[in-house]
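Chemist:
As structure tokens, then:
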């Protein structure tokens, strides 16, 4: 049976700041992120299976990505926990804001690597993460491909 790639797209709003950066992104700001998740596998061949012909049900993929990424990062502010931004993060948390502390600089490049690991760990047997595309602005994005990360 052929391997088929399927893609589902998601969007979420997230704020961040890049500690120590020499440009505008050192300031707290946000993006309307678009995330494209592509998985690869063989369609189910068992005619008695309700998901016959599917690689993975789009709703199953949606559940994974929603739980691992969208529900956690939407309307959150992300800071690098290894920088003095932890003080700002604590202040925001004390005021009831949703803050995520990560152990990396929250660039699109690093976020897409984090997202890949989160999603890979949840995919069912026989389904592999093929690629992710995290679009930060209309003209700027980071991509992760499994083939580049063997």
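Numbering (the numbering used here), first residue to last: 1236 to 1385. Idealized CB from N, CA, C, for every residue including glycine.
1. Going by beta-carbon coordinates alone, are residue 1379 and residue 1347 separated by less than 7 Å?
2. Following the continuous alpha helix (DSSP H) through residue 1266, name the residue where it begins and the one where it ends.
3. Looking at the strands, I want to know which residues DSSP matches up with residue 1372.
4. List the whole-angstrom C-beta distance separating residue 1277 from residue 1285, where the pair is believed to meet the contact cut-off of C-beta under 8 Å.
5. Which residue comes first and which comes last in the beta strand (DSSP E) that contains residue 1240?
6. The alpha helix (DSSP H) that contains residue 1345, what's its start and end?
7. Go through the region 1282-1325 residue by residue and report every complete run of the beta strand (DSSP E) that reaches 3 residues or more, in order.
8. Measure from the alpha carbon of residue 1374 to the alpha carbon of each residue in 1359, 1343, 1354 and 1353, then state which is nearest.
9. Counting only the same chain and skipping the five closest in sequence on each side, list residues whose C-beta sits under 7 Å from that of residue 1351.
10. Taking buried to mean at least 16 other C-beta atoms within 10 Å of its own C-beta, is residue 1256 buried or exposed?
11. Which one or two residues does DSSP pair with residue 1254 in a beta bridge?
12. DSSP three-state call for residue 1327: helix, strand or coil?
13. Tell me where the beta strand (DSSP E) around residue 1335 begins and ends.
Modeler: So, from the data block:
1. Against the chain shown, residue 1379 aligns to sequence position 144. Against the chain shown, residue 1347 aligns to sequence position 112. For residue 1379 and residue 1347, yes; Cβs fall inside 7 Å.
2. The sequence position of residue 1266 within the chain shown is 31, counting from 1. Element bounds for residue 1266: not the alpha helix (DSSP H) but the beta strand (DSSP E), 1264-1276.
3. Counting from one through the chain shown, the residue named residue 1372 turns up at place 137. Bridge partners of residue 1372: 1375.
4. On the chain shown, residue 1277 is found 42 positions in, with the first residue counted as 1. On the chain shown, residue 1285 is found 50 positions in, with the first residue counted as 1. Between residue 1285 and residue 1277 the Cβ distance is about 17 Å, and since that is not below 8 Å, they are no contact.
5. Within the chain shown, residue 1240 is the residue found at index 5, counting from 1. First-last of the beta strand (DSSP E) with residue 1240: 1239-1251.
6. Translated into positions along the chain shown, residue 1345 becomes position 110. Note, residue 1345: alpha helix (DSSP H), 1343-1355.
7. 1311-1315
8. Mapped onto the chain shown, residue 1374 falls at position 139. Of the candidates 1359, 1343, 1354 and 1353, the one whose C-alpha sits nearest the C-alpha of residue 1374 is 1343.
9. Here residue 1351 refers to the residue found at position 116 when the chain shown is read from its first residue. For residue 1351, where only same-chain residues beyond five positions count, the Cβ hits under 7 Å are 1364, 1367 and 1379.
10. As a first step, residue 1256 is located in the chain shown; it is residue number 21 there, counting from the start. The residue is exposed, with fewer than 16 neighbouring Cβ atoms inside 10 Å.
11. Locating residue 1254 in the chain shown gives position 19, counting from the first residue. DSSP, once it has assigned bridges, lists no residue as partnering residue 1254.
12. Working through the chain shown from its first residue, we reach residue 1327 at position 92. Residue 1327: helix per DSSP, three-state reduction.
13. Your numbering for residue 1335 matches position 100 in the chain shown. Looking at the DSSP string, the run of the beta strand (DSSP E) that includes residue 1335 is 1334-1337.
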